Amino acid sequence: MKVCKSVLATLAGIIVGLGMTANVIGATWDMPTPYPDKTFHTQNIAIFADEVSKATGGKLEIKIHSAGSLFKHPEIKNAVRAGQVPIGEFFLSLLSNEHQVFGADSQPFLATNYKDAKKLWDAQRPVVTALLDKQGLMPLFSVAWPPQGLYTKKEIKTVDDLKGIKFRTYNATLELFANLIGAAPTQVEVPDIPQAFSTGRVDAMITSPSTGANSKAWDFVTHYTDIQAWLPKNIVVVNKKAFGKLDKKTRNTILAAAKAAETRGWEMSMKETSEKTQILKDKGIIVVTPSAELMSGLKKIGASMLEKWKKDAGSEGEKLLKAYQAK
Ligand code: PCA
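Numbering (our numbering), first residue to last: 1 to 327.
Here it is in structure tokens:
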């Protein structure tokens, strides 16, 4: 009897350890994301998780761990790759250190509106899928952030006005852009933005109206210049092995929910752009249409970055650009 009990306890431990719920009716998938709950991307994946749960009758629950609480942003991709978690969301262009094609959406002024951003993703998806496949990963969906604008503590009329400013960045491409405009870049994750400003680590940033409003940018900057520089994306990926272990019906359920999440996410993003820009205004930030001089200065830098990108991105990059320009 005693032995029996301990065997049962061990079995229960194994089942829980495997991420199964205690009553063995289904599985729980932990899903890390670097972004806070109130981010529209996180709200979108919450709906995705809900749809999967409902459609599988609770057989598969996806539990979201937001704001980098389970894995820090730079670790999320490898955590999914290693099977530590079966699914995760991260900023696609973070992977540009592996291959430049991952960073195409962060190239300044390559795709600056939703229509072009969507075309770019259509061109990028097959290349990204093939590269991730080699790592045992499969993309489920990808959603763009709103166009990226400039947050500062003074009016910016020319590129020269940005010289020497301590600049918050979020990937290598933005870091290079900041260096080329003569600013001093520091990498800061979204949940840490308010503190980075309040402690004086940074004085300016380029990000969406979404992240600016959610970070309460009016507490630390005065101007938002609407430069619409690029629309970077988040991507949700699964570990192919974990996905393959599911039955066909569940796999199809996930794929259908992913497709819906991509469509819904882009719609949410578009809505965010106007809503959050209005909030910036309402909270007292001066929303500025950029001067022609500022734009031509920034675009010149963007053009030189694209030339370098083309060299670094090789034949895959060329294929991607051709497909983008053909659309
Ligand atoms: N918000 C995220 C990524 C792009 C954006 O708009 C950030 O600022 O890190």
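Using N, Cα and C, we set each Cβ at its ideal position, and we do this for glycine too.
All values derive from a computational prediction rather than experimental measurement.
Alpha helix (DSSP H) runs contained entirely in the stretch 160-248, provided each spans 4 or more residues: 172-180, 193-198, 209-214 and 240-244
Three-state class that DSSP yields for Ser339 in the structure shown: Not covered by the structure: residue 339. The range shown for the chain is 1 to 327.
Span separating the alpha-carbon of Ala9 from that of Asp192: Per-residue confidence for Ala9 stands at a pLDDT of 45, beneath the threshold of 50, marking its modelled position as unreliable; no derived number is given.
C-alpha distance - Ala313 paired with Gly26, whole-angstrom precision: One alpha carbon belongs to Ala313, the other to Gly26, and they sit about 43 Å apart.
Helix, strand or coil at Leu150 [DSSP, three-state]: DSSP, reduced to helix, strand and coil, places Leu150 within a strand of the structure shown.
Any non-hydrogen atom of the ligand PCA within 7 Å of Val202 CB: no
Of the residues Ala196, Asp30, Lys245 and Ala123, the one placed nearest Phe71, counting alpha carbons only: Asp30
Val24 in three-state terms, based on DSSP: Its pLDDT being 45, under 50, Val24 is placed unreliably in this model, and the value from its coordinates should be taken loosely. Looking at Val24 - three-state DSSP - the assignment turns out to be coil, as it is neither helix nor strand.
CA-to-CA distance, Lys153 to Ala172, given in whole angstroms: 24 Å
Burial state of Leu92 (16 or more Cβ within 10 Å): Leu92 counts as buried, since at least 16 other C-beta atoms from the protein chains shown sit within 10 angstroms of its C-beta.
Three-state class that DSSP yields for Phe90 in the structure shown: Of the three classes helix, strand and coil, the one that applies to Phe90 here is strand, per DSSP.
Where the alpha helix (DSSP H) containing Phe48 begins and where it ends: Membership of Phe48 in the alpha helix (DSSP H) is indicated by the continuous run Phe40 to Ala55.
Span of the beta strand (DSSP E), counted from its first residue to its last, around Pro139: Leu137 to Ala144
C-alpha distance - Pro290 paired with Ile156, whole-angstrom precision: 8 Å
Contacting residues, own chain, Cβ-Cβ under 8 Å from Tyr114 (five flanking each side not counted): Ala144, Leu231, Trp266, Ser269 and Met270
Three-state class that DSSP yields for Leu132 in the structure shown: helix
Helix, strand or coil at Val288 [DSSP, three-state]: strand
Within 8 Å, strictly: CB atoms of Ala184 and Gly200: By the CB criterion at 8 Å, Ala184 and Gly200 fall outside the cutoff.
For Asp37, three-class secondary structure by DSSP: coil
C-alpha gap between Val202 and Gln187, whole angstroms: C-alpha separation (whole angstroms): 10 Å.
Heavy atom of the ligand PCA within 7 Å of Trp145 beta-carbon: yes
Phe48 Cβ short of 7 Å to the ligand PCA heavy atom set: no
Nearest-angstrom Cβ-Cβ length linking Pro147 and Val85, presumed shorter than 8 Å: The distance from the Cβ of Pro147 to that of Val85 is about 31 Å, inconsistent with a contact at the 8 Å cut-off.
Three-state secondary structure (DSSP) of Leu110: coil
Val52 versus Ala258: straight-line alpha-carbon distance, rounded: 9 Å
Per-residue burial, Ala256 [other beta carbons within 10 Å of its own, 16 or more giving buried]: Burial state of Ala256 is exposed, judged by a 10 Å Cβ sphere holding fewer than 16 other Cβ atoms.
Residue closest to Phe109, alpha-carbon to alpha-carbon, out of Ile285, Ile227 and Thr253: The shortest C-alpha separation from Phe109 is found at Ile227.
Element boundaries [alpha helix (DSSP H), containing His73]: For His73, the enclosing alpha helix (DSSP H) stretches over residues His73 to Arg81.
For Tyr170, the nearest candidate out of Ile235, Glu89, Phe40 and Met205 (CA to CA): Met205
Neighbourhood of Gln43 by C-beta, 8 Å cutoff - its chain only, sequence neighbours within 5 removed: Same-chain partners within the cutoff: Asp37 and Met268.
Cutoff 6 Å; reference Ala55; Cβ partners in own chain excluding five residues on either side: Thr253
beta-carbon Thr211 near the ligand PCA non-hydrogen atom, thresh 7 Å: Yes - the ligand PCA has a heavy atom lying nearer than 7 Å to the Cβ of Thr211.
Whether Ile76 touches Pro34 by CB criterion (8 Å): Yes, the Cβ-Cβ distance between Ile76 and Pro34 is below 8 Å.
The stretch 273-286 / the stretch 212-225 touching (three or more Cβ pairs under 8 Å): yes
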